[in-house]
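Visitor: So that we are looking at the same thing, I have put the structure below in structure tokens.
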Amino acid sequence: MRLPLLILAAFALVLTNGMFVAAEFAIVRVRRTRLEELAGEGKEPAKHALLIVDHVSEYLAVTQIGITAASLGLGWIGEDSFARLFSLLLPASLLSSAVLHGTAIAAAFLSITTMHVVLGELVPKNLALRKTEHLLLFLARPLQILHIILRPVLRLFEKLSTFVLRCMGHGEIHDLPLTEDELKLVLMDSHEDGVLTAGEAKIIIRAFEFADKEATEVMIEAEHVDYISLARSFDRNLDVARRHMHARLPLCRNDLDSVMGTVSMKDVWPLLLLDESNAAFERAMRPLIKIPYDLSQDGILKRLQECRGQMGIVRDAADQKTLGIVTLEDVLESLVGDVREAPAR
17 MRLPLLILAA FALVLTNGMF VAAEFAIVRV RRTRLEELAG EGKEPAKHAL
67 LIVDHVSEYL AVTQIGITAA SLGLGWIGED SFARLFSLLL PASLLSSAVL
117 HGTAIAAAFL SITTMHVVLG ELVPKNLALR KTEHLLLFLA RPLQILHIIL
167 RPVLRLFEKL STFVLRCMGH GEIHDLPLTE DELKLVLMDS HEDGVLTAGE
217 AKIIIRAFEF ADKEATEVMI EAEHVDYISL ARSFDRNLDV ARRHMHARLP
267 LCRNDLDSVM GTVSMKDVWP LLLLDESNAA FERAMRPLIK IPYDLSQDGI
317 LKRLQECRGQ MGIVRDAADQ KTLGIVTLED VLESLVGDVR EAPAR
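Position in the sequence shown counted from 1, then plus 16, gives you the working numbering.
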């Protein structure tokens, strides 16, 4: 083959290597949700890209075969052709044949290595990191065609690698799910990249911690709870209701340990127009929602939703003592932050 054609072949192999490197990084980095969004808009390349994402390991193997083949071809063709090129460019009259040959080989090796690293590795990698979606959409169809062509080779390599792993005492490799800490890091990276706002990232991170907290960690302790007691006079109960202006209060026979249910004050006030006695509180009473002291926040939320209530009474293990109360507002605040209404001025 003529020298110019060999030089062109070497450049073509460098570009081929770069294409597979770019494809490899694009496959690993692309966001599936973005591809689904584009596919939903009817973009055909996005549908092909989704098929690649669904079979990541197989398509990464395709890129690895491409990179390896291009690199081997470059070493085979490139070094010899560039050595011949430099032999022609160097002053043969001033150098001995041995020095000329050695210098040409060294210059060829340096040139091929520089081209391979810069044009075949670094530039494609950085391009894939900046234009991930565009590159994968552009390369999706060619990669699928190569995958079909190389399928027998891929299966052979897969069986060989599985055999070697079994000989080493290892079974099949399965993708491991991300841990909670890893997901939090992904969220923070998404926030730093501008994908998520600070508020969105905080809510999602709080959601991870949501189920870790138990009732005793989010409740209002019994000593700080205002309540209506049938053992008190009506005037005193009315004073408690007016002074603290709570939307809901526990209704007790005596103290909080003898809680009977809860009352919504919006139900009580109309009844007081007809009957200024503790009987008005009893008529407005709603069923008691008991919350075990060790129930998680997601369990509390589910219990309140099932009972269609806003307040639960936290009881001890023996169900003999009231430890405190927990409201739907308290549970939601652990997710979204403070939602209490500012007092009127």
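No residue lacks a Cβ here, since even glycine has one placed at the ideal position from N, Cα and C.
1) In three-state DSSP terms, what is Arg302?
2) What residue range is occupied by the uninterrupted beta strand (DSSP E) comprising Pro266?
3) What would DSSP say about Pro193, mapped onto helix, strand or coil?
4) Sorted by chain position, which residues of the same chain lie with C-beta nearer than 6 Å to Arg361's C-beta, five sequence neighbours on each side aside?
5) Which of the three DSSP states, helix, strand or coil, is assigned to Ala358?
6) Does Asn253 pass the burial test, meaning 16 or more other C-beta atoms within 10 Å, or should it be called exposed?
7) Tell me the DSSP bridge mates of Met327?
8) Restricting to Cα atoms, I'd like to know which of Arg182, Ile307, Ala156, Lys147 is closest to Gly322.
9) Counting Cβ pairs, one atom from each stretch, are 3 or more of them under 8 Å apart for the segment 94-102 and the segment 55-63?
10) Evaluate the contact criterion for the segment 345-352 versus the segment 312-331: three or more CB pairs, one atom per stretch, below 8 Å.
11) Closest by CA to Phe297, which one among Gly277, Arg146, Leu31?
12) Evaluate Pro359 with the Cβ neighbour count: other Cβ atoms within 10 Å of its Cβ, from every protein chain shown; 16 or more gives buried, anything less gives exposed.
13) Helix, strand or coil: how does DSSP classify Val211 here?
14) Alpha carbons only, please: which of Ala122, Leu66, Ala295 is nearest the one belonging to Val279?
15) Check for me: the alpha helix (DSSP H) holding Val46 runs from which residue to which?
16) For Thr81, tell me which candidate among Glu53, Arg269, Arg48, Met35 has the shortest Cα-Cα distance.
17) Can you tell which of Ala333, Val30, Ala120, Glu292 has the C-alpha that lies nearest to the C-alpha of Tyr309?
18) Given this structure, state the Cα-to-Cα distance separating Arg331 from Asn270, to the nearest angstrom.
19) Within 10 Å of its beta-carbon, does Val30 have 16 or more other beta-carbons around it, so buried, or fewer, so exposed?
20) How is Ser249 classed by DSSP in three states: helix, strand or coil?
21) Could you name the residues that DSSP lists as bridge partners for Val241?
22) Tell me the DSSP secondary structure of Glu230 in three-state form.
23) Going by beta carbon distance, what residues of the same chain come within less than 6 Å of Arg157, once the five residues before and after it are set aside?
24) What number of angstroms, rounded off, separates the C-alpha of Glu225 from the C-alpha of His132?
25) Do Pro266 and Ile341 have their CB atoms nearer than 8 Å?
26) For Leu151, count neighbouring C-beta atoms within 10 Å of its own C-beta (all shown protein chains included) and say buried if the count is 16 or more, exposed if not.
27) From Glu349, Asn33, Ile83, pick the residue whose C-alpha is nearest to that of Glu233; which is it?
28) Taking the continuous beta strand (DSSP E) assigned at Leu91, which residues delimit it?
29) Given a threshold of 16 other Cβ atoms within 10 Å of its Cβ, counted over all protein chains shown, does Arg47 qualify as buried or as exposed?
30) Grouping DSSP H, G and I as helix and E and B as strand, with all else coil, what is Ser293?
31) Does the structure place the segment 214-224 close enough to the segment 237-244 that three or more beta carbon pairs sit under 8 Å?
32) From Ala247 to Glu292, what distance separates their C-alpha atoms?
33) May I ask you to verify whether the segment 195-207 touches the segment 170-187, counting CB pairs closer than 8 Å and requiring at least 3?
34) Any heavy atom of the ligand ATP within a distance shorter than 7 Å of the CB on Ala156?
35) Per DSSP, which residues does Val279 bridge with? Please list them.
36) Out of Leu272, Met281, Val275, state which residue places its alpha-carbon closest to the alpha-carbon of Arg259.
Guide: On the basis of the data shown:
1) Numbered from 1 along the sequence shown, position 286 holds the residue referred to as residue 302. Correct three-state label for Arg302: strand.
2) On the sequence shown, position 250 is the one that residue 266 refers to. Run containing Pro266: 264-268, per the beta strand (DSSP E) assignment.
3) Here the question's residue 193 lines up with position 177 in the sequence shown. The answer is coil: DSSP assigns Pro193 none of H, G, I, E or B.
4) The count along the sequence shown starts at 1 and reaches residue 361 at position 345. The predicted position of Arg361 is uncertain, since its pLDDT is 37 and thus under 50; a value taken from the coordinates is nonetheless stated next. Closer than 6 Å at Cβ, skipping near neighbours: no residue.
5) Taking the first residue of the sequence shown as position 1, residue 358 is located at position 342. In this predicted model, Ala358 has a pLDDT of only 48, less than 50, meaning its place in the structure is not dependable; the value taken from the coordinates is given anyway. The answer is coil: DSSP assigns Ala358 none of H, G, I, E or B.
6) On the sequence shown, position 237 is the one that residue 253 refers to. So Asn253 counts as buried.
7) In the sequence shown, residue 327 corresponds to position 311, counting from 1. Its beta-bridge partners are Thr343.
8) Start at 1 with the first residue of the sequence shown, and residue 322 comes out as number 306. The question names Gly, but residue 322 in the sequence shown is Glu. Checking every option, the nearest Cα to that of Glu322 belongs to Ile307.
9) no
10) yes
11) Here residue 297 refers to the residue found at position 281 of the sequence shown. It is Gly277 whose Cα lies nearest to the Cα of Phe297.
12) Residue mapping note: residue 359 aligns to position 343 of the sequence shown, counting from 1. At Pro359, the pLDDT of 46 sits below 50, so the modelled position is not reliable; the number obtained from the coordinates is stated separately. Pro359 comes out exposed.
13) Taking the first residue of the sequence shown as 1, we reach residue 211 at position 195. The answer is coil: DSSP assigns Val211 none of H, G, I, E or B.
14) On the sequence shown, position 263 is the one that residue 279 refers to. If we check each option's Cα against that of Val279, Ala295 comes out closest.
15) Here residue 46 corresponds to residue number 30 of the sequence shown, with the count starting at 1. No alpha helix (DSSP H) holds Val46; DSSP gives it neither H nor E.
16) The residue you call residue 81 lines up with position 65 of the sequence shown. Residue 81 is actually Ile in this sequence, not Thr. Nearest C-alpha to Ile81: Met35.
17) Within the sequence shown, residue 309 is the residue found at index 293, counting from 1. Considering only alpha carbons, the answer is Ala333.
18) If you number the sequence shown from 1, residue 331 lands on position 315. If you number the sequence shown from 1, residue 270 lands on position 254. Cα to Cα, the separation comes out at about 16 Å.
19) Position 14 of the sequence shown holds residue 30. Buried.
20) Your numbering for residue 249 matches position 233 in the sequence shown. Three-state result, Ser249: coil.
21) Start at 1 with the first residue of the sequence shown, and residue 241 comes out as number 225. DSSP, once it has assigned bridges, lists no residue as partnering Val241.
22) Numbered from 1 along the sequence shown, position 214 holds the residue referred to as residue 230. For Glu230, the three-state secondary structure derived from DSSP is strand.
23) Here residue 157 refers to the residue found at position 141 of the sequence shown. Excluding positions up to five away in sequence, the list reads His64.
24) In the sequence shown, residue 225 corresponds to position 209, counting from 1. In the sequence shown, residue 132 corresponds to position 116, counting from 1. If I take the Cα positions, the gap works out to 48 Å.
25) Here residue 266 is taken as the residue at index 250 of the sequence shown, counted from 1. Here residue 341 is taken as the residue at index 325 of the sequence shown, counted from 1. Yes, these two residues count as a Cβ contact at 8 Å.
26) Numbered from 1 along the sequence shown, position 135 holds the residue referred to as residue 151. Under this definition Leu151 is a buried residue.
27) Here residue 233 refers to the residue found at position 217 of the sequence shown. Closest option to Glu233, Cα to Cα, is Glu349.
28) Sequence index remark: in the sequence shown, residue 91 carries index 75 (1-based). Before going on, a small fix: residue 91 reads as Gly here, not Leu. Run containing Gly91: none; DSSP gives neither H nor E here.
29) Within the sequence shown, residue 47 is the residue found at index 31, counting from 1. Under this definition Arg47 is an exposed residue.
30) By 1-based counting over the sequence shown, the position of residue 293 is 277. Three-state result, Ser293: coil.
31) no
32) As a working note, residue 247 is residue 231 in the sequence shown. As a working note, residue 292 is residue 276 in the sequence shown. Spanning the two alpha carbons is a distance of roughly 15 Å.
33) Taking 8 Å as the limit for Cβ pairs, the verdict is that the segment 170-187 does not touch the segment 195-207.
34) This structure lacks the ligand ATP, and indeed carries no ligand of any kind.
35) Locating residue 279 in the sequence shown gives position 263, counting from the first residue. Beta-bridge pairing links Val279 to Leu265, Met301.
36) Residue mapping note: residue 259 aligns to position 243 of the sequence shown, counting from 1. The shortest C-alpha separation from Arg259 is found at Met281.
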